[in-house]
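Numbering (our numbering), first residue to last: 1 to 330.
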């Protein structure tokens, strides 16, 4: 079964909207503070859990005209203080540095969702210095502190290269007390389980990485794997998809809903279309109402108080302690 058909089957079988109704919850957007920009699907890795289906052979990339329109919209959106840049490997997009420097000129806080190994790729020799000079907050994927688990999920040799990337960033001041350069690591489970408690796992990460490699970082974010795209296909092939979905549904926690990231974030894709989150973007679930693009609005405030498109994958964000781009919610 292809990923599109599989995503539709899951949407029909598990109904997130019913759970919200039973709890008397209406999911509407709060004031928008974050613009997430997906620069495309091109990546130097092809991870098993990737909800973007990104990889080295993908060619989808945001072009210069669209990147310039992002900045024009940002100028008209004063409430948006955070720019969250993702991909694929967003740094592979030729407009990445343009977006960073322009957003910094507008005095916005910039985050880069970095896979660490990109720092060692040919043509990216000055990337780490660029990020440090612009005080870009780095959110770096590292699903474990052992090579066996990381390489099983992300590819052979990825752990070693990730460690080298972290050490390079540490040398520039990232993760060091009082440097002002923030690097947060991201953990997601290897398979169909919920993440362990974030605080205790952060302590374990810090102890292990410091002792073995001399690495320091600021925070650890634990994120639940979303049952879409590549990860859903993997579960389906292993006859584990229903088990995983039932795990998420049984762990539904209504107290997480108030802080779901879709309430204060809007996502724009590489073609310039708006979505309620990066996961909805991968499922091509556009914001409710008529189609919205960068060229049909003048400000991000256009989406404030709007309804939010939801589906069965939303159970992933509302299970257990909750999950967001910034880790657990409760």
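Quick reminder that beta carbons are idealized off the backbone N, C-alpha and C, glycines included. Computed from a predicted structure; not experimentally measured.
Residue burial classification, residue i (beta-carbon count within 10 angstroms, cutoff 16)
| i | result |
| --- | --- |
| residue 319 | buried |
| residue 17 | exposed |
| residue 270 | buried |
| residue 167 | exposed |
| residue 79 | exposed |
| residue 239 | exposed |
| residue 305 | exposed |
| residue 384 | Nothing can be reported for residue 384: it is not among the residues displayed for the chain, which extend from 1 to 330. |
| residue 227 | buried |
| residue 214 | exposed |
| residue 62 | buried |
Rounded straight-line distance, which links the Cα of residue j to that of residue i
| i | j | result |
| --- | --- | --- |
| residue 43 | residue 88 | 5 Å |
| residue 103 | residue 30 | 23 Å |
| residue 187 | residue 201 | 9 Å |
| residue 339 | residue 162 | The chain is shown only over 1 to 330; residue 339 falls outside these bounds and no answer can be derived. |
| residue 198 | residue 137 | 20 Å |
| residue 354 | residue 178 | Summary: the structure shown does not reach residue 354, with the chain confined to residues 1 through 330, and so no result is reported for it. |
| residue 266 | residue 257 | 16 Å |
| residue 252 | residue 122 | 44 Å |
| residue 98 | residue 22 | 46 Å |
| residue 208 | residue 145 | 7 Å |
| residue 331 | residue 241 | The question about residue 331 has no answer, for the chain in this structure spans 1 to 330. |
| residue 250 | residue 243 | 10 Å |
| residue 135 | residue 128 | 11 Å |
| residue 281 | residue 169 | 30 Å |
| residue 96 | residue 74 | 15 Å |
| residue 296 | residue 38 | 18 Å |
| residue 25 | residue 206 | 38 Å |
| residue 300 | residue 316 | 26 Å |
| residue 67 | residue 273 | 12 Å |
| residue 76 | residue 180 | 28 Å |
| residue 59 | residue 212 | 38 Å |
| residue 310 | residue 20 | 10 Å |
| residue 371 | residue 110 | Because residue 371 is not part of the residues shown, which for the chain are 1 to 330, the question remains open. |
Cβ distance (whole Å) where residue i is taken to contact residue j below 8 Å
| i | j | result |
| --- | --- | --- |
| residue 86 | residue 276 | The pair is not a contact, with the Cβ atoms about 15 Å apart (cut-off 8 Å). |
| residue 217 | residue 225 | Their Cβ separation, rounded to whole angstroms, is 21 Å, which puts residue 217 and residue 225 out of contact at 8 Å. |
| residue 332 | residue 27 | Residue 332 lies beyond the range of the chain shown here (1 to 330); nothing can be said about it. |
| residue 294 | residue 108 | About 17 Å separates the two Cβ atoms, so there is no contact after all. |
| residue 185 | residue 247 | Wrong, their Cβ atoms sit about 24 Å apart, outside the cutoff. |
| residue 132 | residue 172 | 4 Å |
| residue 324 | residue 261 | 4 Å |
N-terminal and C-terminal residue of the alpha helix (DSSP H) that residue i is part of
| i | result |
| --- | --- |
| residue 101 | 96-105 |
| residue 278 | 278-282 |
Backbone secondary structure at residue i - three-state DSSP
| i | result |
| --- | --- |
| residue 262 | helix |
| residue 217 | coil |
| residue 314 | helix |
| residue 63 | coil |
| residue 113 | strand |
| residue 28 | strand |
| residue 165 | helix |
| residue 212 | helix |
| residue 202 | helix |
| residue 13 | helix |
| residue 128 | helix |
| residue 38 | strand |
| residue 256 | helix |
| residue 268 | strand |
| residue 273 | strand |
| residue 336 | Nothing about residue 336 can be read from this structure; the chain reaches only from 1 to 330. |
| residue 23 | coil |
| residue 286 | strand |
| residue 89 | coil |
| residue 309 | coil |
N- and C-terminal bounds of the beta strand (DSSP E) containing residue i
| i | result |
| --- | --- |
| residue 243 | It is not in any beta strand (DSSP E) - residue 243 instead sits in the alpha helix (DSSP H) that spans 241-250. |
| residue 235 | Not the beta strand (DSSP E): residue 235 falls in the alpha helix (DSSP H), residues 229-237. |
| residue 187 | 183-187 |
| residue 141 | 137-141 |
| residue 86 | 82-86 |
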